[in-house]
Amino acid sequence: MFEELSVLNTRPPVYSQVTTPDLWTDPHISARMLAAHLDPHVDLSSYRAEHLEKIAAWIISRFHVRPGLRVADFGCGPGLYTTRLARTGADVTGLDLSSRSLDHAESLARADGLSVRYLEQDYLSYRDEARYDLVIMVMRDYCALTPDGRRALLRTVRAHLDSGGSFAFDVDSAAAMAGVREQAAYAPSLMDGFWSDRPYFGFHNTYRYESERVSLDKFEIFETDRTRTYFNWVRYFTPDELTGDLVDAGFADVEILGDLTGAPTAARHRSSPPSPSTAEGRRARAVRSPPVPRPGRARRWTPPSGPSSGLRHEAPQAARARGHGLRIAAIRPTPGRLSALARRGSVYPASVRCRPAPEFDSVRNTCVRKA
Ligand SMILES: C[S@@+](CC[C@H](N)C(=O)[O-])C[C@H]1O[C@@H](n2cnc3c(N)ncnc32)[C@H](O)[C@@H]1O
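Residue numbers (the UniProt record's numbering): 1 to 371.
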């Protein structure tokens, strides 16, 4: 027993295993996830109703979502944003792995008489002839990806954005990691039967990986006839790290905000330039110095604000952090979120210009579900 518990409590190497899809496709877990999505009072799989409405309203106004605008929601879940965006008359596509969530999204669209295109699809490998003016990804899914996954995602987004198109998404800020404590917990039916409708014993370990700025929640679920392990990785970003990912992927005009409601607008500040001797500094200069003139936006950011949640960590000082400005030179250690807006770079070298990937195959890769 001691040996087994030692193995169970051994820190896994960072990103050693990825199980994210299992969370969204397992019949029992996906049902619990859907219930969490639809609970208007909690920030679990989706943000709570009040915040969600603000995000939808801000996206609509910020990107002038209107009839004919082509919008894709990557990881659309049960269609809470796709439905709201489609009501403007925009041409909306939702992508998700979870057929259960997509069924719900389709039923919402039908009830509203909306036409939304839903694709049961992995956004890391999605390839389609469609081009979008706007891609959104809400609820900090970017943080759950491995570095390779993040690169694949950004490649996919960029490949499907039309010239001048924008990508808007949110992440956990570096400061949010302060709220993560290493711990180990055990319970019969851990998390009130979340993991199975049959009897089970669950172990939950939380680990911090300081230099990678990553946390892991590992869940080991023991049933009579099977044992499952789930890895929930979260990467926490500084504005420069996030900008760096985007610039490396060929995006330009990167703007970092406090969250996807665009608030608090009064707290946006221009960044102090990173040192040109660092990789971040070199990337930042790449953003600021395009080879052809364009009306570039300054890189701006606000303090991280608001809670992380769900299988992620609650942010204890979220309420206090919300709405307070911060002049950036360093990121204040308060928990919270950031969001990034980036445009497909039209100023990048031809070698990374947008073109369909060689493996492009719209029939094989796309399962179209029509509402
Ligand atoms: C945290 S939920 C957010 C859902 C939605 N954006 C919202 O805020 O209501 C993440 C969603 O992304 C989906 N998802 C996760 N990984 C995915 C992948 N590789 N490709 C497509 N969808 C994915 C999940 O099925 C889930 O519906």
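The beta-carbon is built from N, C-alpha and C at its ideal position, and this holds for glycine as well.
DSSP places L5 in the uninterrupted alpha helix (DSSP H) bounded by F2 to L8.
Take the alpha-carbon of D133 and the one of D26: they are about 33 Å apart. Under DSSP, F251 shares a beta bridge with R344.
Here DSSP, grouped into helix, strand and coil, assigns A109 to helix. In this structure, the beta-carbon distance from G94 to P67 does not fall below 8 Å. Three or more beta-carbon pairs separated by less than 8 Å are not found between the region 169 to 188 and the region 90 to 110, which leaves the two stretches without contact.
When only Cα atoms are considered, R226 and G113 end up about 44 Å apart. Remark: the shortest separation between the CB of D122 and any heavy atom of ligand 1 falls under 7 Å. In the three-state reduction of the DSSP assignment, V214 falls in the strand class. Taken through DSSP and simplified to helix, strand or coil, G79 comes out as coil. With 16 or more other CB atoms across the displayed protein chains lying within 10 angstroms of its CB, M33 is buried. The UniProt domain "Methyltransferase" (71 to 165) contains, as complete beta strand (DSSP E) runs of 3+ residues, the segments 91 to 96, 117 to 120 and 132 to 137 (chain order). Where R48 is concerned, there is no enclosing beta strand (DSSP E), because DSSP gives it neither an H nor an E. Around the beta carbon of Q121, 16 or more other beta carbons sit within 10 angstroms, so the residue counts as buried. Of the heavy atoms belonging to ligand 1, at least one sits nearer than 7 Å to the Cβ of S98. For R32, the enclosing alpha helix (DSSP H) covers residues P27 to L38. Taken atom to atom, the span from the alpha-carbon of A152 to that of Y142 is near 11 Å.
Shown here, S196 sits in coil according to DSSP, grouped into three states, outside any helix or strand.
When Cβ pairs closer than 8 Å are counted between the two stretches, the region 77 to 89 is seen to touch the region 50 to 65, the count reaching three or more. Taking one beta carbon from each stretch, the region 124 to 131 and the region 159 to 166 have 3 or more pairs nearer than 8 Å; the two touch. Around the beta carbon of L102, 16 or more other beta carbons sit within 10 angstroms, so the residue counts as buried. Distance from the Cα of V7 is smallest, within the candidate group A105, F203 and A35, for F203. Across the structure, D240 and L23 are spaced so that their CA atoms are roughly 30 Å apart. A Cβ-Cβ separation of about 5 Å places T206 in contact with D217 under the 8 Å criterion. Scanning its chain for C-beta atoms nearer than 7 Å, with the 5 sequence neighbours on each side dropped, one finds around V234 the residues C143, A144, D172, V214, S215 and R312, in chain order.
In the three-state reduction of the DSSP assignment, D225 falls in the coil class, being assigned neither a helical nor a strand state.
Straight-line spacing of the CA atoms in C76 and R70 works out to 15 Å. Per the coordinates, the alpha-carbon of F251 lies some 10 Å from the alpha-carbon of G244.
Judged by DSSP secondary structure, F201 falls within the beta strand (DSSP E) whose first and last residues are F201 to Y209.
Remark: the C-beta of S46 is in contact range of ligand 1, defined as less than 7 Å to any heavy atom.
In the DSSP annotation of this structure, the continuous segment of the beta strand (DSSP E) that includes P188 starts and ends at Q183 to P188.
Y118 and P21 have their C-alpha atoms roughly 18 Å apart. Across the set R343, R228 and P188, the C-alpha of R343 shows the shortest separation from the C-alpha of D248. The bridge partners DSSP lists for I256 are A340.
In this structure, the beta-carbon distance from S196 to E220 does not fall below 8 Å.
For S173, the secondary structure class from DSSP, reduced to helix, strand or coil, is strand.
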